[in-house]
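Numbering (our numbering), first residue to last: 30 to 429. Structure record follows, encoded as structure tokens.
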């Protein structure tokens with residue numbers, strides 16, 4: 030079990046007091062040790078050094094790989110992924126950020142213990158659901174802004190030299206890169222004042238507001254979405270340095286009375302239907318059921334081949350640098366997502382989970398098999414134990 034939460038207050042105090050690069054490096058190394066306390070090390074831990082950090086601060090070599098993925102709404106999104114060591118530095122810094130700062134409850138994205146389901150639940154059963162989107166969210170947050178908030182805004186108020194170093198390590202080409210582990214957390218911190226302004230606007234106006242990264246949702250049982258209201262809302266957003274994406278603006282109505290009946294539109298928040306209760310779109314369960322049926326009736330090889338074809342067409346070949354995730358990984362993830370949205374007691378989730386486990390499970394086990402599973406569990410390697418138990422990639426169909 031990761032014990033890093035035990036040291037949260039100490040990390041916060043030490044991080045804020047750091048005045049030199051050496052002190053920052055010492056803290057990052059200590060956090061790295063705490064992260065894996067009581068765990069078995071597979072490889073020797075790579076120590077962070079002042080020299081290595083300076084290389085990433087001042088070296089001319091590009092430390093990011095950049096690629097594009099397809100958006101559901103059309104077009105592409107640019108992803109800038111840091112190399113392995115820089116990613117490690119950013120993850121350690123992210124622990125520092127999260128030890129110091131927790132966003133307001135209205136910010137539901139990239140916060141431990143909050144999810145898109147929590148975001149959607151705030152807006153269930155409302156007559157009006159209004160969605161807007163912040164344009165070019167991460168690229169619009171520049172290096173100077175990150176450095177400024179880290180230096181001047183509580184609870185950080187870092188030493189100027191440390192704020193400069195941290196901002197430099199977390200930015201690429203002068204902006205927050207989409208693909209770095211620190212970008213979501215820093216974006217939430219930059220949006221601290223925006224969240225507060227919209228929270229008070231919602232409180233005074235009697236509506237519900239939430240933000241999941243660049244997606245802002247406002248819901249109510251009254252039609253408050255006048256030209257004056259929108260102007261007030263847009264002025265707040267623009268005053269905080271963001272722009273709206275006009276293509277993503279939409280007002281979704283449900284059970285709204287009109288002359289000849291009622292308007293009943295599908296209301297969606299961050300991909301989750303919220304008309305009555307959190308739910309997934311019908312095509313999600315339909316496609317998932319079809320995949321399980323194909324796997325059961327035609328075997329793993331045929332189902333996997335179909336999965337690779339459709340995944341490449343829908344997600345884009347470059348999302349995982351040309352590597353398509355295995356069928357069982359994608360299907361398992363989708364089933365757990367269904368359970369997260371509908372609840373683990375949902376009949377469809379439980380049926381799919383049992384079917385999936387049946388398809389993944391080996392037909393029989395020897396005493397030696399169980400001894401191996403227990404040994405892995407005792408060594409705290411739960412992932413290996415699960416992989417061994419399900420033996421997902423060595424199904425009889427795949428070898429036949």
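Note that the Cβ used here is the ideal one computed from N, Cα and C, for glycine as well.
> Can you tell me whether DSSP reads residue 356 as helix, strand or coil?
Replying inline: The answer is helix: DSSP assigns residue 356 an H, G or I state.
> How would you call residue 324, buried or exposed, if buried means at least 16 neighbouring beta carbons within 10 angstroms?
Replying inline: Residue 324 comes out buried.
> Hey, is the stretch 78–89 in contact with the stretch 145–152, meaning 3+ C-beta pairs nearer than 8 Å?
Replying inline: No, because fewer than three Cβ pairs between the stretch 78–89 and the stretch 145–152 fall closer than 8 Å, the two stretches do not touch.
> Tell me which same chain residues have a C-beta within less than 7 Å of the C-beta of residue 123, skipping the five on either side of it?
Replying inline: Contacts found: 210, 211 and 214.
>> Let's see if you can read the secondary structure: which residues bound the alpha helix (DSSP H) around residue 195?
In response: Annotation for residue 195: the continuous alpha helix (DSSP H) segment containing it runs 189–199.
> When you compare each of 33, 66 and 80 to residue 53 by their alpha carbons, which one comes out closest?
Replying inline: Nearest C-alpha to residue 53: 80.
>> DSSP has residue 159 in a bridge; who is on the other side?
In response: In DSSP, residue 159 forms a bridge with 247 and 280.
> Terminal residues of the continuous alpha helix (DSSP H) containing residue 126?
Replying inline: From DSSP, the alpha helix (DSSP H) with residue 126 extends over 113–129.
> Are there three or more Cβ pairs, one per stretch, closer than 8 Å when the stretch 113–132 is compared with the stretch 291–305?
Replying inline: No, the stretch 113–132 is not in contact with the stretch 291–305.
> Are the CB atoms of residue 385 and residue 353 nearer to each other than 7 Å?
Replying inline: At the C-beta level, residue 385 and residue 353 stay beyond 7 Å of one another.
> Do residue 149 and residue 330 come within 7 Å of each other at the CB atom, strictly closer than that value?
Replying inline: Not in contact: residue 330 and residue 149 (Cβ atoms no closer than 7 Å).
> Contact check, residue 216 vs residue 170 under 8 Å by CB: the rounded distance?
Replying inline: Yes, they are in contact, since the Cβ atoms of residue 216 and residue 170 sit about 6 Å apart, within 8 Å.
> Between 125, 231, 226 and 355, which lies nearest to residue 184 when the distance is taken from Cα to Cα?
Replying inline: Nearest option by C-alpha distance: 125.
>> Tell me which residue opens and which closes the beta strand (DSSP E) that residue 97 is part of.
In response: Its beta strand (DSSP E) spans residues 93–99.
> Counting only runs that start and end within the stretch 258–335, where is the alpha helix (DSSP H) found for 4 or more residues in a row?
Replying inline: Runs found: 311–327.
>> Please state the DSSP three-state secondary structure of residue 253.
In response: Three-state result, residue 253: coil.
> Which of the three DSSP states, helix, strand or coil, is assigned to residue 29?
Replying inline: Absent from the model: residue 29. The displayed extent of the chain is 30 to 429, so no value can be given.
>> I need the DSSP call for residue 44, collapsed to helix, strand or coil.
In response: The DSSP-derived three-state label of residue 44 is helix.
> What residue from 366, 380 and 263 has the CA that sits closest to residue 300's CA?
Replying inline: Answer by Cα proximity: 366.
> Which value, in whole angstroms, describes the spacing of the CA atoms of residue 208 and residue 138?
Replying inline: Going by the C-alpha atoms only, they are around 15 Å apart.
> On the three-state DSSP scale, how would you describe residue 232?
Replying inline: Correct three-state label for residue 232: helix.
>> Between the alpha carbons of residue 223 and residue 269, how many angstroms are there, rounded?
In response: If I take the Cα positions, the gap works out to 6 Å.
>> Does residue 275 pass the burial test, meaning 16 or more other C-beta atoms within 10 Å, or should it be called exposed?
In response: Counting Cβ neighbours within 10 Å, residue 275 comes out exposed, since fewer than 16 surround it.
> Cβ atoms of residue 136 and residue 240: under 7 Å apart, would you say?
Replying inline: In terms of Cβ geometry, residue 240 and residue 136 form a close pair [threshold 7 Å].
> Which word fits residue 113, buried or exposed, when buried means at least 16 other C-beta atoms lie within 10 angstroms of its C-beta?
Replying inline: Per the 10 Å Cβ criterion, exposed.
>> So the candidates are 91, 33 and 108; which of them puts its Cα closest to the Cα of residue 127?
In response: Minimum Cα distance to residue 127 is reached at 33.
> Got a sec? Which residues, its chain only, sit under 6 Å from residue 100 by beta carbon, not counting five neighbours each side?
Replying inline: So the list reads 106, once near-sequence residues are dropped.
> In terms of alpha-carbon separation, which member of 287, 387 and 267 lies closest to residue 326?
Replying inline: Comparing Cα-Cα distances from residue 326 to each of 287, 387 and 267, the minimum goes to 387.
> Assuming residue 167 and residue 204 make a contact with CB atoms under 8 Å, what is their CB distance in whole Å?
Replying inline: With a Cβ gap of about 7 Å, residue 167 and residue 204 count as contacting.
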